[in-house]
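Here is the structure we will look at.
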Amino acid sequence: MDKARAVELFATVARAGGFSAAAADVGMSVQALSKAVKQLEEHLGVRLFHRTTRTLKLTDEGARLLEVAGPALQMLDEILDEVRTSSDGREGVIRITAPVSLGGKVLMPLIRSFRLEHPNIAFDLVLEDLDTDIVQAKIDVGFRIGREPSRNVVSRRLAPLSLVIAATPDYLKRHGEPKNLCELLQHPCTGFRMPSTGRLVPWELNINGEMVFQDVPSVCTVNSALPEVEAVKAGIGIGQLSVYLIREELEKGELVEILPQFATAISAIHMYYPHRTQMPARVRLFVNYVMKSAASLLPVRP
Numbered sequence: 000m001d002k003a004r005a006v007e008l009f010a011t012v013a014r015a016g017g018f019s020a021a022a023a024d025v026g027m028s029v030q031a032l033s034k035a036v037k038q039l040e041e042h043l044g045v046r047l048f049h050r051t052t053r054t055l056k057l058t059d060e061g062a063r064l065l066e067v068a069g070p071a072l073q074m075l076d077e078i079l080d081e082v083r084t085s086s087d088g089r090e091g092v093i094r095i096t097a098p099v100s101l102g103g104k105v106l107m108p109l110i111r112s113f114r115l116e117h118p119n120i121a122f123d124l125v126l127e128d129l130d131t132d133i134v135q136a137k138i139d140v141g142f143r144i145g146r147e148p149s150r151n152v153v154s155r156r157l158a159p160l161s162l163v164i165a166a167t168p169d170y171l172k173r174h175g176e177p178k179n180l181c182e183l184l185q186h187p188c189t190g191f192r193m194p195s196t197g198r199l200v201p202w203e204l205n206i207n208g209e210m211v212f213q214d215v216p217s218v219c220t221v222n223s224a225l226p227e228v229e230a231v232k233a234g235i236g237i238g239q240l241s242v243y244l245i246r247e248e249l250e251k252g253e254l255v256e257i258l259p260q261f262a263t264a265i266s267a268i269h270m271y272y273p274h275r276t277q278m279p280a281r282v283r284l285f286v287n288y289v290m291k292s293a294a295s296l297l298p299v300r301p
């Protein structure tokens, strides 16, 4: 029995919560995977799982093995990953997760310019608006909009997330430009619903130096930032949008900022990555590059 492989397969089953999902992850049949775990149990002389027809739970011994083996397996992955790269670490793949909106407007320009200096480094992007477990998904670097990531990762604040209220010139010509909050609330607006919670997010308004969270009359609610930008550009209503998403439209006059005194920048864009005793050189190169370059792509104001 390959004991190291058996422990790795056991950990995959434990994290996946079942043999079927784990078998799909490792490209094995359920029967072969179950046999490998059974052999490990026989070798150790303990049961690692409580099995029923519907559930699979770790025994105390299984939980202990996962706790001890998990960091060792991760370190082994990192060491093998290092060996697969060139001697100076400037080859290989960097796996990234980020919201869809950051992927196009921020990450693609960063990746393009980074690869001009490091052409042997490739990227695998997982773009989704839900929080991703970067350790479970074997992600090297993650990006997040809003709150700072949890404490079990290293987090770097890249830039404030500037929000402005905007509309098209045609919309303002047809409906008039609101001059205060009362007039704003008479206009149709766009809204954003958090993908993770389904909660409609109120607008953040800076009113006389104080932050006010204001519900607005949304006539078009979306759960992704880019469609909301398109809704405002289509003249459906007034929107509160991130500056980094509409910088070009503001510069070209396709969108107009209104009520600038309400603009805020209380949230932020963060980069984060797992705690690692041995970070691959290519990942460290990219992290340092982002810290130096991201500010130019994340304007606080247009």
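Just so it is clear: in the sequence shown, position 195 is 194 by numbering that gives the first Met the number 0, and no numbers are missing.
From the three backbone atoms N, C-alpha and C, an ideal C-beta is built for every residue, glycine too.
Spatial distance of residue i from residue j (CA atoms)
| i | j | result |
| --- | --- | --- |
| D169 | A262 | 22 Å |
| P98 | L43 | 43 Å |
| A280 | V286 | 10 Å |
| A23 | E66 | 23 Å |
| L75 | Q135 | 15 Å |
| M210 | V140 | 32 Å |
| T131 | I138 | 9 Å |
| P148 | L157 | 13 Å |
| P187 | G234 | 10 Å |
| L55 | P70 | 22 Å |
| L249 | V6 | 56 Å |
| N179 | V218 | 20 Å |
| S85 | L284 | With a pLDDT of 48 at S85, under the threshold of 50, the modelled position of this residue cannot be trusted; read the value that follows with caution. Cα-Cα distance, rounded: 14 Å. |
| N151 | M107 | 27 Å |
| R89 | E116 | 10 Å |
| I164 | L254 | 10 Å |
| G238 | E229 | 10 Å |
| Q38 | R63 | 18 Å |
| A267 | V200 | 16 Å |
| M27 | T52 | 20 Å |
| L240 | L162 | 5 Å |
| E176 | M193 | 28 Å |
| K2 | I93 | 29 Å |
| R246 | G61 | 53 Å |
| K232 | V105 | 20 Å |
| R111 | H174 | 41 Å |
| S223 | V242 | 15 Å |
| N207 | R146 | 24 Å |
| V45 | D59 | 10 Å |
| K291 | L109 | 11 Å |
Contact set for residue i: own chain, Cβ-Cβ below 7 Å, skip 5 residues either direction
| i | result |
| --- | --- |
| L8 | V25, L32, A35, V36 |
| L184 | V215, P216 |
| T11 | A21, D24, V25 |
| N119 | R89, E90 |
| Q362 | Since the displayed the chain opens at 0 and closes at 301, residue 362 lies outside it and no answer follows. |
| S195 | L129, D130 |
| A68 | V6, A10 |
The alpha helix (DSSP H) enclosing residue i, as first and last residue numbers
| i | result |
| --- | --- |
| A22 | 18-25 |
| Q38 | 29-43 |
| D155 | In the sequence as displayed, the identity of residue 155 is Arg instead of Asp. Run containing R155: none in the alpha helix (DSSP H); it sits in the beta strand (DSSP E), 152-166. |
| K251 | 242-251 |
| N287 | 280-292 |
| T189 | Run containing T189: none in the alpha helix (DSSP H); it sits in the beta strand (DSSP E), 188-192. |
| T11 | 2-15 |
| I110 | 107-116 |
8 Å CB neighbourhood of residue i in its chain, flanking five on each side removed
| i | result |
| --- | --- |
| L225 | V99, S100, G103, L244 |
| V153 | Y271, Y272, P273, H274 |
| L57 | A13, L47, F48, H49, L65 |
| S19 | V29 |
| V365 | What the structure shows of the chain is the stretch from 0 to 301, and residue 365 is not part of that stretch, so it cannot be assessed. |
| G17 | L55 |
| L72 | V6, E7, A10 |
Min CB distance residue i to chain D below 8 Å
| i | result |
| --- | --- |
| I144 | Although the question refers to chain D, the structure presented lacks it and comprises just one protein chain. |
Exposure of residue i, with buried meaning 16 or more beta-carbon neighbours within 10 Å
| i | result |
| --- | --- |
| R143 | buried |
| T167 | buried |
| I265 | exposed |
| L129 | exposed |
| E41 | exposed |
| K172 | exposed |
| G236 | buried |
| E182 | exposed |
Where the beta strand (DSSP E) containing residue i begins and where it ends
| i | result |
| --- | --- |
| A262 | From DSSP, A262 is part of no beta strand (DSSP E); its letter is neither H nor E. |
| A230 | Premise fails: A230 lies in the alpha helix (DSSP H), 224-232, not in any beta strand (DSSP E). |
| E203 | 202-206 |
| E209 | 209-213 |
| L55 | 55-57 |
| A180 | Per the sequence shown, residue 180 should be read as Leu rather than Ala. Premise fails: L180 lies in the alpha helix (DSSP H), 180-183, not in any beta strand (DSSP E). |
| A136 | From DSSP, A136 is part of no beta strand (DSSP E); its letter is neither H nor E. |
| G124 | It is Leu, not Gly, that sits at residue 124 in the sequence shown. First-last of the beta strand (DSSP E) with L124: 120-126. |
Contact set for residue i: own chain, Cβ-Cβ below 6 Å, skip 5 residues either direction
| i | result |
| --- | --- |
| N205 | F261, T263 |
| Y288 | F113 |
| T96 | V125, T131, I138, G141 |
| G190 | L199, S217, T220 |
| A293 | L157 |
(request) Pair every Cβ in the segment 255-269 with every Cβ in the segment 116-128, then say whether three or more of these pairs are closer than 8 Å. (result) no
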